[in-house]
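Residue numbers (this note's numbering), protein chains in the order written: chain A, 28 to 422; chain B, 28 to 422; chain C, 28 to 422. All C-beta atoms, glycine included, are put in the ideal place defined by N, C-alpha and C. Remember, it's a predicted structure, so these values are computed and weren't measured experimentally. Everything below concerns the one structure shown next.
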Amino acid sequence: MGPDFQYVWQHEQLGTGHAVRMAQEALAGRQGDLLVLYGDTPLIPADTLTALVALRRETGAAAAVLTTRLDDPTGYGRIIRSEAGAFTGIVEHKDANPAERAIGEVNTGVYCFAINQLVPALARISPRNAQGEYYLTDVFSLMTYDGAQIATLETGDALALMGPNDRVGLAGVEHCLKKAINEIWMLQGVTIVDPAQTYIGPLVSIGNDTVIWPGTILLGATKVGSDCVIGPHTRIIDSVVEDGCEVQFSQVLAAHLGPENKVGPFANIRPGTSTASQVKIGDFVELKNVQIAAGSKVPHLTYLGDALVGRKVNIGAGTITCNYDGITKHRTIIEDEVFIGSNANLVAPLVIGSGATVGAGSTITKEVPAHALAIARSRQENLTGWVAPRERDGK
Amino acid sequence: MGPDFQYVWQHEQLGTGHAVRMAQEALAGRQGDLLVLYGDTPLIPADTLTALVALRRETGAAAAVLTTRLDDPTGYGRIIRSEAGAFTGIVEHKDANPAERAIGEVNTGVYCFAINQLVPALARISPRNAQGEYYLTDVFSLMTYDGAQIATLETGDALALMGPNDRVGLAGVEHCLKKAINEIWMLQGVTIVDPAQTYIGPLVSIGNDTVIWPGTILLGATKVGSDCVIGPHTRIIDSVVEDGCEVQFSQVLAAHLGPENKVGPFANIRPGTSTASQVKIGDFVELKNVQIAAGSKVPHLTYLGDALVGRKVNIGAGTITCNYDGITKHRTIIEDEVFIGSNANLVAPLVIGSGATVGAGSTITKEVPAHALAIARSRQENLTGWVAPRERDGK
Amino acid sequence: MGPDFQYVWQHEQLGTGHAVRMAQEALAGRQGDLLVLYGDTPLIPADTLTALVALRRETGAAAAVLTTRLDDPTGYGRIIRSEAGAFTGIVEHKDANPAERAIGEVNTGVYCFAINQLVPALARISPRNAQGEYYLTDVFSLMTYDGAQIATLETGDALALMGPNDRVGLAGVEHCLKKAINEIWMLQGVTIVDPAQTYIGPLVSIGNDTVIWPGTILLGATKVGSDCVIGPHTRIIDSVVEDGCEVQFSQVLAAHLGPENKVGPFANIRPGTSTASQVKIGDFVELKNVQIAAGSKVPHLTYLGDALVGRKVNIGAGTITCNYDGITKHRTIIEDEVFIGSNANLVAPLVIGSGATVGAGSTITKEVPAHALAIARSRQENLTGWVAPRERDGK
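Quick look at the structure:
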């Protein structure tokens, strides 16, 4: 929850009452409300907590207890009420008599306390019980014994209060959160072709009329613009994808894609990459720490690393920036309107001037002046007397 | 629904009765049945509509109304019946008294009318109601008042009548359609490993004993043959895939794959591509507007664009057709039984004659005669006194 | 079930009794229990079968019948009992009278027999019934008529007894098995981000704290270690992946990945490949029958086939082993600490000695001595008077 909160550590585990007691020093001299809830129930809605606090304040009760009803309440503490319906206490399942076990209303373990009423009650609880633990629920009998009122709020959404106890439960909770997040985005104008196969992290934002195809995973501080088409089978983490982009069968990590980019299928965009508008990153392309200006194309089978690419550049298939000499990485600068032929090697550090052309199959090791044609290849020879091994062996 | 239908536009939205009135001119002089249904309920089965029309005809009723029963009918128009059970009218939820609100049978909004009885009734409805709208349901009271009979057909499949009102609903409807389409293909002999993760468009056809792995999306006018293995993680749109093909982790757009092709993993087959039988398109291969004859192989890391490839050709890894000079695309012709070495550049326009060989690493700029060996590369030199930067720096 | 079992073939299909009769010869002289069950009900738990056998033994009954209760028992044989509740026989649905049809307890078709009581009863059943078939269920009336006792075991898990009759049912059964297998691994300490999108075969094993992302398919005799990250969108078949590996957006077939390898995105690792520890196989890389020693890197756009790669080797992007001359495959040996430049062609058979360097864009056709620099390329020329077609045409 970040550094804006104060954290208190319960080193020994001596019960729920003991856990809250750990906060006693931090609470000293404070007034107002203390919300007590579990750390492992991620599905509980903020609205429910807000309502519980509001109930405590409005009623002036010493505490407000969140309750729910279960078809099978076995194992849960039951809510005991007077004939008039007033809360009188909580009885743990193992201490409950048959009549009490028949009660379906159970304690969820979520409470809002008036701090000034909790602190003295907390000081009085003791571990004299079967478990030898300090039960937080003991404060309710102490409070009601002293004539204080305890309010209760019953929620119908028992599922939201479940905490996963193993990885099956964890997957179940993640499924619920995934569904809820996807519904939020659909209601805000995002088309999700199959919400069951779309994974959107809690910090992600997505613009209107973006369409998300199945197998898409959006995580971290990712921001996808409007009118994009994302997926299928795409993962984007900690990246910005501006309006009108298409990203399919690809991975994008810690990158920034400008408007109307087309990415993939099968592109791998790595950290430090940023593109301007209308850039095309095609199939089997890896970009690592590359900045590309507007209108440039890297259509296929290319590795660009540690490079700066100007406007309206065309990178031929098979182009490789040789950015690594075995020790350090060097930078390649490709200026505006350059045309790189296929299977070219650009040995960094290197500058290719604006409007220059690199011939297909060339290994470029030194600067290319603007508008020059750089070429480094052998003349083609056609040997007509030659017999190929596959012919010779009669295959 | 295409150009074979006549369309009528309701420019102002003055109610359902007004909507049907818009068709009055188109209906002039016509006899027979008029089926009225919503445009946003895609799940309604054709069988249900056929049964409704048949009921209208067989009973000679002025209209047949499709009804259903809901556990919670709140918001829906209720079907009012006489003690004998005859339909007497529809009462909207907000106009219904408590006894009427207790009725569970509701109007679905789907009707079959005898045109000659609908037209005069439609002329008599008025917008004198709370909403100021022309209600189509008003025609039923007019008809029954005039002594006409109204037939009803109750369907148990209330879900099929739901129309999505937002993108969550849209995803729900698509899920139902996906499930139904997948079941049709499974019952016709297609193995779908996980129907929840398989997306088959309504115009797609698939042959017997084809196996579809998860993450597969088949859309448009795609036709997949028998005994194919498609997916995982594959998208095929507007393409033909003939019998016995394997296509995995790949995308195929507007292409035609001949019998027993093997495609992928990670191939991108783009429009205008067609292959004959037993062609292999391996990993990291892009084909764009390429025709490939039987038995040829493009196994890896290749871009072929605007090319014609003969029979039993072998294309080495890293081969690139340099089809683009910065202005126009040119064509490469590779005749039968050619062998292209690795990392070759084929600078189009270019013809490589049958049986020719291109040496690895060659940039081929002019025609290669049949059976010739074309080579364009420098002799290897081994410099033994040289110390690599990574060695020099003691790394 | 393998060669440790004896199989008996029912060539003609003359009923369930006839099927068991086929085993009569194989049973001759045997004592003990015979478990009879269907071949098409894969979901039945081993525990249920064990309990059925135990019941037969403990009660000394001639047979124990597994029963269940169905809300709609239509079509199933009903369990008939005496007033005291003792099993007296099974009546097929079509032979049942209205009172019998009201019975909800049905025969599952799973039985445990005392062999010495089954064999004589089996000899006495006849096909004198409407179907002209030998019913196995006829043995129960024969046994009870002779005074033998029949025990019954009722299971509440009717779903587990369903056998798929078409591919829709098959997909349903596979869904149940997938869910069950995934839950086993989650409870054993594997994090499965979305169990609905994870496919783990029955022979696969997975270590603790491995995380599996959606779209992952693990099949065959695959063994994944601990602390791995597998997926998304990855298929691994018949392979070993040791501890601490990451494999994403990739396919691995019949390969062995050593500890702490990083694979993908978009790698294709084919049979015969094995790697030592801390090997990196990056994007758009195909390995086929390659052995790679510790610490080596094949980061991008590479095809290695039939190669042996030493320790701490760096393979530049675009490197191709030219292992195929059109007839046979040849082997490439790259010794320790070699550095291969980008877009190099390594024409096999070939040895590159330890510490050697291959210049970018070189086609290497003959041995490179240890620590040498091998280079095969033309000098770069910059033609400055040249006008590119795209400039000439004013584009």
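- Against chain B, the CB of A:Asp60 has no partner CB under 9 angstroms away; the residue lies outside that interface.
- The beta-carbon of B:Phe140 is placed no less than 9 angstroms from the nearest beta-carbon of chain C.
- The region 278-289 of chain B and the region 289-306 of chain C do not touch, with fewer than 3 CB-CB distances between them shorter than 8 angstroms.
- Interface with chain B (9 angstroms Cβ-Cβ cutoff): C:Ile342 is excluded.
- Excluding its 5 nearest sequence neighbours in each direction, A:Arg151 has C-beta neighbours in its own chain below 6 angstroms: Leu169, listed in chain order.
- For B:Gln407, the nearest beta carbon of chain C is closer than 9 angstroms to its own beta carbon.
- Contact between C:Gly242 and C:Cys255 is ruled out by a C-beta separation of about 16 angstroms, above the 8 angstroms threshold.
- Our two residues, B:Arg417 and A:Val414, have alpha carbons roughly 42 angstroms apart in a direct line.
- Chain-ordered, the chain C residues with CB closer than 7 angstroms to the CB of B:Gln224 read Gln224.
- Going by C-alpha positions, A:Leu64 is about 58 angstroms away from C:Phe366.
- Nearest neighbour of C:Ser381 by Cα position, chosen from C:Asn372, C:Gly368, C:Leu373 and C:Val395, turns out to be C:Val395.
- Residue burial annotation: A:Arg406 is exposed, with fewer than 16 other C-beta atoms found within 10 angstroms of its C-beta.
- Take A:Val336, set aside five residues on each side of it, and the residues of its chain with a beta-carbon closer than 6 angstroms to its own are Ile319, Ser323 and Ile361, in chain order.
- In the structure shown, the three-state DSSP call for B:Lys121 is helix.
- Boundaries of the alpha helix (DSSP H) around B:Lys205: Arg194 to Leu214.
- Buried is the label assigned to B:Val231, since at least 16 other Cβ atoms lie within 10 Å of its Cβ.
- Setting aside the 5 residues that flank it on each side, A:Gln144 is surrounded in the same chain by Ala89, Ala90, Met170 and Ala175, each with a C-beta closer than 8 angstroms to its C-beta; the list follows chain order.
- For C:Gly136, the enclosing beta strand (DSSP E) covers residues Glu132 to Ala141.
- By the Cβ criterion, the region 177-191 of chain B is in contact with the region 132-147 of chain B, since at least three pairs of Cβ atoms, one from each stretch, lie closer than 8 angstroms.
- As for any beta strand (DSSP E) of minimum length 3 sitting wholly inside the region 293-340 of chain C, the runs are 294-296, 307-319 and 324-336, ordered along the chain.
- Inclusion of B:Gly388 and C:Ser369 in the CB contact set at 9 angstroms is not warranted, their separation being larger than that value.
- A straight-line Cα-Cα distance of about 35 angstroms links C:Thr77 and C:Ala157.
- Listed along chain C, the residues sitting closer than 7 angstroms to B:Ser369 by beta-carbon distance are Ile347, Cys349 and Asn372.
- For B:Gly242, the chain C residues whose C-beta falls within less than 8 angstroms of its own C-beta are Gly242 and His260, listed in chain order.
- Contacts with chain A (Cβ-Cβ distance below 8 angstroms) from the region 282-311 of chain C involve Pro292, Phe293, Gly309, Asp310 and Phe311, listed in chain order.
- Of all alpha-carbon atoms in C:Ala55, C:Leu197, C:Ile117 and C:Gln51, the one lying nearest the alpha-carbon of C:Pro69 is that of C:Leu197.
- By the rule that beta-carbons nearer than 9 angstroms mark a contact, C:Gly382 touches chain B.
- Chain-ordered, the chain B residues with CB closer than 9 angstroms to the CB of C:Lys393 read Gln407 and Asn409.
- Out of B:Ala111, B:Arg338 and B:Thr384, the CA that lies nearest to the CA of C:Asp352 is found in B:Thr384.
- Scanning C:Asn209, C:Ile227, C:Ala113 and C:Pro191 for the CA closest to the CA of B:Leu214 turns up C:Pro191.
- An exposed status is given to A:Asn235, since fewer than 16 other beta-carbon atoms sit within 10 Å of its beta-carbon.
- Remark: C-beta atoms of C:His357 and C:Leu331 do not approach each other more closely than 9 angstroms.
- Three or more Cβ pairs closer than 8 angstroms define a contact, and the region 201-219 of chain B falls short of that threshold against the region 91-103 of chain B.
- In the DSSP secondary-structure assignment, B:Arg155 is not bridged to any residue.
- Annotation for C:Asn316: Gly299 and Asp333 place their beta carbon closer than 6 angstroms to its own, counting only its chain and skipping 5 residues before and after.
- C:Leu61 places its beta carbon less than 9 angstroms from that of C:Phe140.
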